[in-house]
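Down below is the structure, laid out as structure tokens.
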Amino acid sequence: MSEHITHLAVAEDSARVATYDPEFSPVMQECIRKFPNALRWGSVSRSGDMFILPSLEKWRDNWNNTDREQEKMAYILGWAGHLAGDRTFKPVFRITDLAFYVRGYPGPAHASIYHDVVTLHETYDSGSRKPFHKSVLSPYLKGHPAAEVVPVEKIENTFAQSFANDLARFRKYLTPDRNKDVSVIENVGEESQRFYVELDRYTDAYTRTDPARMRKYIIEPNLYDRTDPIIQIARKVKFNEKPDIDLKEAIELSSSQSLYAQALALGHQFFLACSEFFQGNISMEEARTRCRTGQPHRESLDYYIKQAEMQENVND
Amino acid sequence: MKNNIDRRAFFHNTGLAAMGTMMISPLDIVLGRFGQVARDQTMQRRSLTPTFILEDTLRLLPFTDWDDTFINSFLINHQVFHRGAAYQIEPADTEVLLDEVREKWKSKETADEAQTQLALLAGASLYRLIDSKIEWQQNLGEEKTLPTLTDEAIYYDVVVMKEMQNSDPTKHHVEIDKPLDGVKVGDVAELFHLIRQRNLIRMHTFRPEFTGVELWLDQVLDYQHTIEEENHRYAKIYCDPSVADVHADPSFYHREDEIIRLARGMQVSVTELTTNVKEAVDKSGQQSTYAQALGASVNMLSDWNKYIKDGSVKAKLLESF
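These protein sequence lines are chains W and A, in that order. Residue numbers are given in the numbering used here: position 61 of the first sequence equals residue 61, and the series is strictly consecutive. Residue numbers are given in the numbering used here: position 293 of the second sequence equals residue 609, and the series is strictly consecutive.
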């Protein structure tokens, strides 16, 4: 499934909320400020559970504040933001788009695509903020001033395959702890970085928005509400304004507010746990608990089928 | 060839040397018998041109008279086909892998896997072939990092991009070897950035390397800087090729070469379907560098087709790795 844009947004907005918190590590604040691109790539990386706290544990006793260390720290914090997105939205995809998973369709569920395009609209101001552009979901970047002179549709896949080959050189495909019983061919399919999300579906959702899908995936689950105080904090920090909103109260309120507000509250919880652990204020055990390390993002499909059946019974 | 990477030394110094110390043969790893050992990746040319040529090779497949199952191996598994660039398969091991493909090909139960394996192996052999056909200089990477692109490599990548632009009659014409009037370098750099950003959306997430995340982080962060810089370098040369300081080879790309016309036509659905691909391939040996590489690539796929059909040309294929 995809939700690339939502992952980016949750990590960047969680970082904004964290920088508003006086308890958040000044070292981490500097890392985020200096290396926003590292945070962005961290926010779209998997398996953070395995690496975030062990890395912080290693660094906290031997931190020299070098540029490279700071850049890695920003990446790690983005990784924590990724987990906040996963833990908030993955169950929602299954609840709101159960049929997609039951039938085993390829590619991302409609729910995740709609989350992404609405997030692009809300958090990145219709794509006009970095790392995007207002034309990012137009067919082949139509509307971008350089798209007239560069054949985007003819070269985009070449860039993709070259990029994946470059990334493959940093990977090893058969390792002691995974994929023990499969052939290299299966490993290539599973482990190499494939491009499986059809951008046409994003473009379609963004430019020919389906009201039924908006209702099902965005409105009814309450994906995003600009008036939620924690979202207000992130937005004001983004625009370099002073929020003047009580953070603790905003976090408490978020539990009954939009899903995006809940994701930011969880992101803030993870960022603060990382900060306190890095500063030596809490143990690894407490850090793991507060970061929900090892907790699955979702239940089994059977669980969601039963939930849907129960919901149907209630409706009947 | 002016490739200043000593590939064998690279492998010797990195992954395969490590395998040797563990007394496990690469063959065992490739075959999945020892699924517990890391395997280093190869170091093929990074520029876009080899991938352009491989994509053009796939575009020509519908014109051949090869079996559907063979053609579909590549069209269905086109991403695995390209991943062939990232694999080093030692010649001594390749024979077993080749035998295995033919064996799997015969059974319905294993036919899908055979198609995937064929795509990977053929992709690996074709990337190596094209690498050998390209003459320009490439940089030597550090031990742990990827090489940056030379101006020469970027220059020729830009030539191909512009030729693709101009092959489409609906598009704005761009000068191949002159500055582009009124086009801002910043806009073009941003466009390349957005192409990569869209590809990240398509990819969804990065998978880290579990066996050494610190090194992986260093590599990925270095790579992020590299591609940001390269977006700007591509843009500068796109807008003004003279900044590349390259003594351009006039025989690199001739849009009149039949095989190139066929490939470009397939991108915009204006191909003359009566074009004889065999004739185009035959002529390509005497034509531009791009045509020669593309023709050689189609010929090698033809060898793969023969091999799958009757087991012939096996020795020739083995030599290609």
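Backbone N, C-alpha and C fix where the C-beta goes; we use that ideal spot for every residue, glycine too.
Counting C-beta pairs with one atom in each stretch, the segment 155 to 170 of chain W and the segment 512 to 523 of chain A have three or more that are closer than 8 Å, which means they touch. Here the C-alpha atom of Phe163(W) lies approximately 33 Å from the C-alpha atom of Arg292(W).
Straight across, the Cα-Cα distance linking Ala631(A) with Thr591(A) is about 31 Å. For Trp59(W), the uninterrupted alpha helix (DSSP H) segment begins and ends at 52 to 60. Ser45(W) has Phe522(A) as its beta-bridge partners, per DSSP. For Asn157(W), the chain A residues whose C-beta falls within less than 8 Å of its own C-beta are Glu371, listed in chain order. Relative to Gln269(W), the option among Phe24(W), Cys31(W), Leu199(W), Ile32(W) whose CA is nearest is Phe24(W). At the C-beta level, Thr466(A) and Phe637(A) stay beyond 8 Å of one another. The beta carbon of Ser441(A) is closer than 7 Å to those of Met616, Leu633, Ser636, Phe637 in its chain, skipping five residues each way along the sequence. Using a CB distance below 8 Å, the part of the segment 554 to 580 of chain A facing chain W consists of Tyr554, ordered along the chain.
One thing to note: His144(W) has its Cβ within 8 Å of the Cβ of Leu510(A).
In the displayed model, Gln279(W) falls within coil according to three-state DSSP, outside both helix and strand.
Taking the C-beta atoms as reference points, Thr6(W) is found no nearer than 8 Å to Thr96(W). The Cβ of Tyr202(W) sits closer than 8 Å to at least one Cβ of chain A. CA-to-CA, the gap between Thr385(A) and Gln431(A) works out to about 8 Å. Cβ contact annotation for Ser389(A) (same chain, cutoff 6 Å, sequence separation greater than five): Gln431, Leu434, Ala435, in chain order.
When secondary structure is reduced to three states using DSSP, Gln454(A) falls in the strand class.
Taking a C-beta distance under 8 Å as the contact criterion, Asp573(A) and Gln603(A) qualify as a contact pair. Close to His548(A), with beta-carbon spacing below 7 Å, lies no residue of chain W; the smallest spacing is near 13 Å.
Put simply, the CB of Asp125(W) is far from chain A, with every gap to its CB atoms at 8 Å or more. Within the same chain, and ignoring the five residues on either side of Phe568(A) in sequence, the residues whose Cβ sits closer than 8 Å to its Cβ are Tyr472, Val475, Ser604, Thr605, Tyr606.
Secondary structure at Asn592(A): coil, using DSSP grouped into helix, strand and coil. Boundaries cannot be given for Glu198(W), as no alpha helix (DSSP H) includes it and DSSP labels it neither H nor E. A straight-line Cα-Cα distance of about 10 Å links Gly611(A) and Glu595(A).
Per the C-alpha coordinates, the member of Ile392(A), Tyr539(A), Ala469(A), Pro485(A) positioned closest to Tyr550(A) is Ala469(A). Lys460(A) and Gln535(A) have their C-alpha atoms roughly 7 Å apart. Contact holds between the segment 212 to 231 of chain W and the segment 251 to 260 of chain W, because three or more Cβ pairs, one in each stretch, are under 8 Å apart. Of all residues in the segment 144 to 155 of chain W, those with a C-beta nearer than 7 Å to a C-beta of chain A are His144, Pro145, Ala146, Ala147, Glu148, Val149, Val150, Pro151, Val152, Lys154, Ile155, reading in chain order. At a cut-off of 8 Å between beta carbons, Val536(A) contacts chain W. If only uninterrupted beta strand (DSSP E) runs of at least 3 residues are considered, none is enclosed by the segment 474 to 528 of chain A.
Here Ser275(W) has Phe24, Ser25, Met28 as same chain residues with Cβ atoms under 6 Å from its own Cβ, once five neighbours each way along the sequence are excluded. Taking 8 Å as the threshold, the shortest C-beta distance from Phe195(W) to chain A falls below it.
Contact between Gly267(W) and Ala84(W) holds, with the beta-carbon distance rounding to 4 Å and staying under 8 Å.
Gly439(A) and Arg418(A) have their C-alpha atoms roughly 17 Å apart. For His110(W), there are no C-beta contacts with chain A under 9 Å, since the nearest C-beta of that chain is about 15 Å from it.
The beta carbon of Arg298(W) does not come within 8 Å of any beta carbon belonging to chain A, so the residue lies off that interface.
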